[in-house]
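Here's the structure, in structure tokens; my notes come after.
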Amino acid sequence: EKIKLAINLDMVGTGQQGVILFNAPQRPLEAAIVQKINEEKHYMIEVEERTAKANSDHWPFHEKGVPAIFFLTKGRSGGGHNIYDTPDKLPLYGYENLFNLIIDLTRELQEQETE
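In terms of the UniProt record's numbering, the sequence shown has 88 at position 88, counting the first letter as 1, and numbering is strictly consecutive.
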């Protein structure tokens with residue numbers, strides 16, 4: 001009841017091709033804010049919206065009715081959940097921009113709540 005929004009970040013070390021926002025249709029307010037911010041500030045090349053899916057740590061929250069979204073960056077990393085998945089292979093292309101987008105999202109949600 002007290003959780004306003006669970007934000008899951010998994011596999012966010014790339015971003016050359018943008019970011020995927022899971023649970024977008026289920027969280028239309030948050031998805032619209034993310035798109036608006038990205039259109040204004042061009043943080044990511046693209047924000048692709050996808051429906052809810054049991055593909056990461058946001059899912060148990062979503063299933064329990066807790067508002068949740070999941071960001072996953074798009075692009076090659078040279079590994080992924082294997083022994084070759086080491087930090088030196090991560091391009092971190094969209095890393096800082098993604099976090100700026102999330103900061104702006106949380107600020108916007110806070111402003112809307114206080115209005």
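Every residue gets a Cβ at the ideal spot worked out from N, C-alpha and C, and that includes glycine.
Run through DSSP, which three-state label would residue i get?
| i | result |
| --- | --- |
| Glu48 | strand |
| Val19 | strand |
| Asn100 | helix |
| Asn8 | strand |
| Thr114 | helix |
| Phe68 | The question names Phe, but residue 68 in the sequence shown is Ala. Looking at Ala68 - three-state DSSP - the assignment turns out to be strand. |
| Thr73 | strand |
| Thr106 | helix |
| Glu1 | coil |
| Gln26 | coil |
| Ala31 | helix |
| Asp85 | coil |
| His62 | helix |
Between the options, which has its C-alpha nearest residue i's C-alpha?
| i | options | result |
| --- | --- | --- |
| Ala6 | Ile69, Asn55 and Gln35 | Ile69 |
| Asn97 | Glu39, Asn23, Glu49 and Gln26 | Glu39 |
| Arg50 | Glu30, Ile102 and Lys41 | Glu30 |
| Gln26 | Lys53, Lys89 and Val47 | Lys53 |
| Glu48 | Asp85, Gln35 and Asn55 | Gln35 |
| Ala24 | Thr86, Tyr84 and His62 | His62 |
Would you please state the rounded distance, in angstroms, between the beta carbons of residue i and residue j? I believe it to be under 8 Å.
| i | j | result |
| --- | --- | --- |
| Tyr95 | Gly13 | 6 Å |
| Gly15 | Gly75 | 6 Å |
| Asn100 | Tyr43 | 6 Å |
| Lys2 | Pro67 | That belief does not hold up - the Cβ atoms of Lys2 and Pro67 are roughly 11 Å apart, past 8 Å. |
| His81 | Phe22 | So it is not a contact: roughly 18 Å between Cβ atoms. |
| Ser56 | Asp10 | 5 Å |
Spell out whether any CB of chain D is found under 7 Å from the CB atom of residue i.
| i | result |
| --- | --- |
| Ile83 | Among the chains of the structure shown, chain D does not appear; only one protein chain is present. |
Cutting at 6 Å between CB atoms, please list the residues of its own chain near residue i, excluding the five before and the five after it.
| i | result |
| --- | --- |
| Asp104 | Ile37 |
| Glu108 | Ile33 |
| Thr73 | Val12, Thr14, Gly15, Val19 and Gly94 |
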